[in-house]
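What follows is a short report on a single structure.
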Amino acid sequence: MSLSKKSARLATCTALVLTVAACGTGGSGSSSSGGGTLQTGPGIDASSKTITVGIISPLTGIAAAIGVPLTKGQEAYFKHVNDNGGIDGWKINFVEKDDQYKPQLHVQFFNELLPQMALLAQSLGSPTTKAIESQAGSAKLVVGAAAQASAFVSDPVMAVIGTPYAIDVANGVDYIVNQQGHKTAKLAMFYQNDDYGADGLKGYTAAKSAYSFNDVGQVPYNLTDADLTGQAHTLQASGAEYVFVTALPTFAAKLVGTAAAMGYFPHWVFQGPAWSEFLMTDKGTAKDKPTPVFPVLAGLGGGSTWVLGYEAGWGDTSVPGMKQFLADHDKYFAAQVPDGYFVYGYCEAEMEVAVLKKAIESNDLTRQGILNAKLNLGSLSFGGLIPPLNYTPQLGPADRQTDIAQVDTTAPGFLRIIQPYFESSAAKSLSL
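Going by mature numbering (1 follows the signal peptide of the UniProt record, and there is no 0), the letters in the sequence shown line up with residues -22 to -1, 1 to 410, in that order.
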């Protein structure tokens, strides 16, 4: 199904049952299995061996450029598992809701899904996830937090993969100031005025403390801002040569376009969620119609654009997990253009399957049993698609590594890795 058709279908906010198995919504119980008595909880149907999980994501609205491919990535991995015998014979049933990146809708859908899900497989966004964090903790519900805010990594129920926003920014500063030797360069920060932006700013200020770089401005914006002229003027007046952008793609494009109209072309350093291939062309590939900011992001008018992240380069078959990933992409979502969020969603689902498998092996599919499995999962490599994680009861970030890509019109997804995974001294010591 095409991206546009899928978005229209999902915009109804109707729960989608996406496997043939029945949806189990019962409470706690037990059943006999070959390995002993299996304890079960909400979202577990032992008679049909079905595990129901929830997905709450912005499938329409200002963050849909992130939510749609990320959700497709999860679907691809879950479908791969179901089509290959399930998790020790258990099938995954996933129910989706479109919150439009609105915390109040996120809470509403969380409450609707709570009685029927074994875990929340996706909660996208820092402000939206924060809105349900306390409830999830009380319910002992594991949450696949598609949000890299540092605070989530110390919450037992939050299952976070990848690198926290703060660490990505600290690593990005290190790359400019130390690895490239631009110790006197003027740096500035443009950030979303919420938990997401605050975490990027946390990394920026930690790096400033560690490296004493030339900070010339920290400029916020709000999701309600229709115009970013004031912010662009402030950045231009500061003389910033490198501008870190912790924003959503729509606002990143608005800032870059506004600055370009003023004749201001710094080096843009995007936080991962600020980027989307749809900032380059209308359908996300090189053959499609360029957007107004295409030449700016591509560096054709001066400056350049880097993207901080932790996903392997799309199609890099030197990565062990890439072959299977591409096969699943081609089988389930061949029309999906190269996109780091699709990779992220695929890996997030892989983590959740590993957690559920451990819970099954422990004969405990109650919420507490799934939480115990998450806390004691140990290491997971992801086949190199993203850095490995190590979940333990001591909590903490899944990793502290970042790679840096440059916008390149010839690369898959318009991103070419220019700096492989690395961990700076500021990132290593950053307290989360």
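Note that the Cβ used here is the ideal one computed from N, Cα and C, for glycine as well.
Beta-carbon proximity check, residue i vs residue j, cutoff 8 Å
i           : j      : result
residue 412 : PRO47  : Summary: the structure shown does not reach residue 412, with the chain confined to residues -22 through 410, and so no result is reported for it.
TYR322      : GLY140 : yes
PRO227      : SER187 : no
ALA109      : PRO81  : yes
PRO134      : LEU349 : yes
LYS57       : LYS27  : no
LYS351      : VAL333 : According to the sequence provided, residue 351 is Ala. The question's Lys does not apply to it. In this structure, VAL333 lies closer than 8 Å to ALA351 by Cβ.
LEU275      : LEU304 : no
VAL73       : GLY32  : yes
GLY250      : LEU278 : no
LEU206      : LYS180 : no
TYR143      : PHE168 : no
LYS164      : SER216 : yes
TRP292      : PRO316 : yes
GLY241      : GLY299 : no
ILE184      : LEU16  : The amino acid at residue 184 is misidentified as Ile; the sequence shows Ala. Not in contact: ALA184 and LEU16 (Cβ atoms no closer than 8 Å).
ALA166      : ALA225 : no
ILE338      : LEU201 : no
ALA230      : ALA264 : no
ILE29       : ASN71  : yes
Proximity test, Cβ basis, 8 Å: residue i and chain D
i      : result
VAL197 : Among the chains of the structure shown, chain D does not appear; only one protein chain is present.
Coarse secondary structure for residue i, derived from DSSP in three states
i       : result
ILE70   : strand
SER282  : strand
PHE272  : helix
ASN192  : strand
VAL121  : strand
PHE168  : strand
HIS245  : strand
GLN314  : coil
ALA225  : coil
TYR399  : strand
GLY32   : strand
GLN17   : strand
ALA137  : strand
THR259  : strand
THR(-9) : At THR(-9), the pLDDT of 33 sits below 50, so the modelled position is not reliable and the matter cannot be decided from this model.
LEU408  : coil
ALA(-2) : Because the pLDDT of ALA(-2) is 30, which lies under 50, any placement of that residue in the model is unreliable, and the number read from its coordinates should be weighed accordingly. Residue state, collapsed to three classes: coil.
PHE392  : helix
TYR174  : helix
ASP61   : helix
ILE154  : helix
GLY287  : strand
ASP76   : strand
LEU37   : coil
GLN126  : coil
LEU98   : strand
PRO105  : helix
PRO198  : strand
Close Cβ partners of residue i (< 6 Å) along its chain, the five nearest in sequence each way excluded
i      : result
ARG345 : GLY19, LYS118, LEU119
PRO105 : PRO81, ASP172, ASP173
TYR55  : TYR324, ALA327, GLU328
GLY67  : LYS27
GLY45  : SER35, PRO36, LEU37, LEU102
PHE88  : ILE110
GLN78  : PRO36, THR38, GLY39
Presumed contact (8 Å Cβ cut-off) between residue i and residue j, rounded CB distance
i           : j      : result
ASN149      : THR387 : With 8 Å as the limit, ASN149 and THR387 do not qualify as a contact, their Cβ atoms being about 25 Å apart.
TYR182      : VAL151 : 7 Å
ALA96       : GLY14  : That belief does not hold up - the Cβ atoms of ALA96 and GLY14 are roughly 19 Å apart, past 8 Å.
SER128      : ASP177 : 5 Å
residue 435 : VAL223 : Summary: the structure shown does not reach residue 435, with the chain confined to residues -22 through 410, and so no result is reported for it.
GLN214      : SER282 : 17 Å between Cβ atoms; not a contact.
ALA237      : ALA204 : Not quite, the Cβ-Cβ distance comes to about 16 Å (not below 8 Å), so this is no contact.
GLN157      : VAL138 : At roughly 26 Å, the Cβ-Cβ gap does not stay under 8 Å, so GLN157 and VAL138 are not in contact.
LEU358      : LEU367 : 5 Å
Sequence-distant residues of its chain with Cβ nearer than 7 Å to residue i (five each side left out)
i      : result
GLN397 : TYR153, ASP381, ILE382
ARG378 : THR141, ILE145, GLU401, ALA405, LYS406
SER116 : none
VAL234 : TRP246, VAL271, VAL274, LEU275
PHE392 : GLU255, MET258, VAL385, ASP386
ARG394 : ALA383, GLN384, ASP386
ALA43  : PRO227, SER254, PHE256
8 Å CB neighbourhood of residue i in its chain, flanking five on each side removed
i      : result
SER132 : LEU373, GLY374, LEU410
PHE320 : PRO47, LEU48, LYS50, GLY51, ALA54, HIS307, PHE311, GLN314
THR212 : GLY195, VAL197
PRO365 : GLY140, THR141, TYR288, ALA376, ASP377, GLN379, TYR399
LYS301 : THR295
PHE243 : ALA237, VAL274, GLY279, GLY280, GLY281
LYS261 : LYS267, VAL315
Residue i CB to nearest heavy atom of the ligand SAH below 7 Å
i      : result
TYR310 : Among the components of this structure there are no ligands whatsoever, and the ligand SAH is therefore not found.
Which complete alpha helix (DSSP H) runs does the stretch 331 to 379 hold, if anything under 4 residues is left out? 345 to 353
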